Each structure stands twice: as structure tokens, then as C-alpha cells.
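For any residue, its number in our numbering is found by taking its place in the sequence shown, counting from 1, and adding 1056.
Here is the structure we will look at.
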Amino acid sequence: KLTLDESLVTAMPGTMMKKPSERGPFDAMVVDQLASSLSAKLAQLVETLEAGAPASAARAGAAEAAGAALEAAKTAQQEGAEALKKAQDTRREKMELLEAATQKVKDCEPNRLKALEVREALQAELQLFK
1057 KLTLDESLVT AMPGTMMKKP SERGPFDAMV VDQLASSLSA KLAQLVETLE AGAPASAARA
1117 GAAEAAGAAL EAAKTAQQEG AEALKKAQDT RREKMELLEA ATQKVKDCEP NRLKALEVRE
1177 ALQAELQLFK
């Protein structure tokens, strides 16, 4: 914010309304004082900008690094999602195989029981020959 002397602020409107050729010594002093104040403010703003340049560059570098980290995280997330899907697909396939094998075991149970009966009968018959 530009801060000017109160007397300069009061005199400035009248001075600035006059054409440069109509201005007197007091008006010239007002214009000079205004120019001096504006130059000082400009120098202060330039100094502020220059002082902030390294920090601005550091922030830009940090923003660039954060952007790169974000892209790396997105890539890692995508790879993780693909690996998860592959693992889920593999699990689904293995569960289907397990269900099929379990069903085959159930299907063989009557034959197993019949084979046990035959074995017991044959063992009993064998005992008769001993």
C-alpha cells in the first residue's frame, strides 16, 4: 500500500487537474514529491519481489517434485490395482478348481463305500480259509 504525506494527498488533486504548462513551483514540488514517493514504493516492491524470488523458485521446485511424486503414486496405485485384480482372478480360478475337486470327492463316495463293503466281504471270506 502506498502511504503518502497528508499534505501531499490534499494538494495532489488540484495539481493533477492542471495542465503541466499551467503548474507553478508548488505544483512542481507536489509532482516531484509524488514521483519520489512512487519511485521509493516501486523500489520497495522490486526489492520484495527479488527477495521472494529464491523462495518462489524453491516453491516451484517443491511443486514440481510433488507433481512427480503424485505421478509415481498414481503409477504405483495402478500397478497395485492390476496386481490385486490378477490375484483375485487367480483366487477365483483356484476356488473353482477346489469346488470341482470337492464335487468329485463327493461323487466318488458311493463307490468308496461299495469298495469298502466288498473289501470287508473279501476279508471275511479270507478269514474262513485260514
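Glycine residues also receive a C-beta, built at the ideal position from the N, C-alpha and C atoms.
Only a predicted model underlies this, so the values are computations on that prediction, with no experimental measurement involved.
The alpha helix (DSSP H) that contains residue i, what's its start and end?
| i | result |
| --- | --- |
| E1155 | 1081 to 1185 |
Could you have a look at residue i and say whether DSSP puts it in helix, strand or coil?
| i | result |
| --- | --- |
| T1059 | coil |
Buried or exposed for residue i, please, with buried defined as at least 16 other CB atoms from any protein chain shown within 10 angstroms of its CB.
| i | result |
| --- | --- |
| V1161 | exposed |
| V1065 | exposed |
Between the C-alpha atoms of residue i and residue j, what's the straight-line distance to the nearest angstrom?
| i | j | result |
| --- | --- | --- |
| R1079 | G1108 | 40 Å |
| R1115 | K1097 | 26 Å |
| K1074 | L1090 | 15 Å |
| T1104 | S1092 | 18 Å |
| N1167 | V1174 | 10 Å |
| Q1100 | V1087 | 20 Å |
| S1095 | A1124 | 42 Å |
| A1129 | P1110 | 28 Å |
| L1153 | Q1159 | 10 Å |
| Q1133 | L1140 | 10 Å |
| E1163 | L1126 | Residue 1163 is actually Asp in this sequence, not Glu. Straight-line Cα distance between these residues: approximately 55 Å. |
| T1131 | T1059 | 53 Å |
| E1062 | A1084 | 17 Å |
| T1146 | E1135 | 16 Å |
| M1047 | F1082 | Only positions 1057 to 1186 of the chain appear in this structure, which leaves residue 1047 out of reach. |
| R1148 | A1137 | 16 Å |
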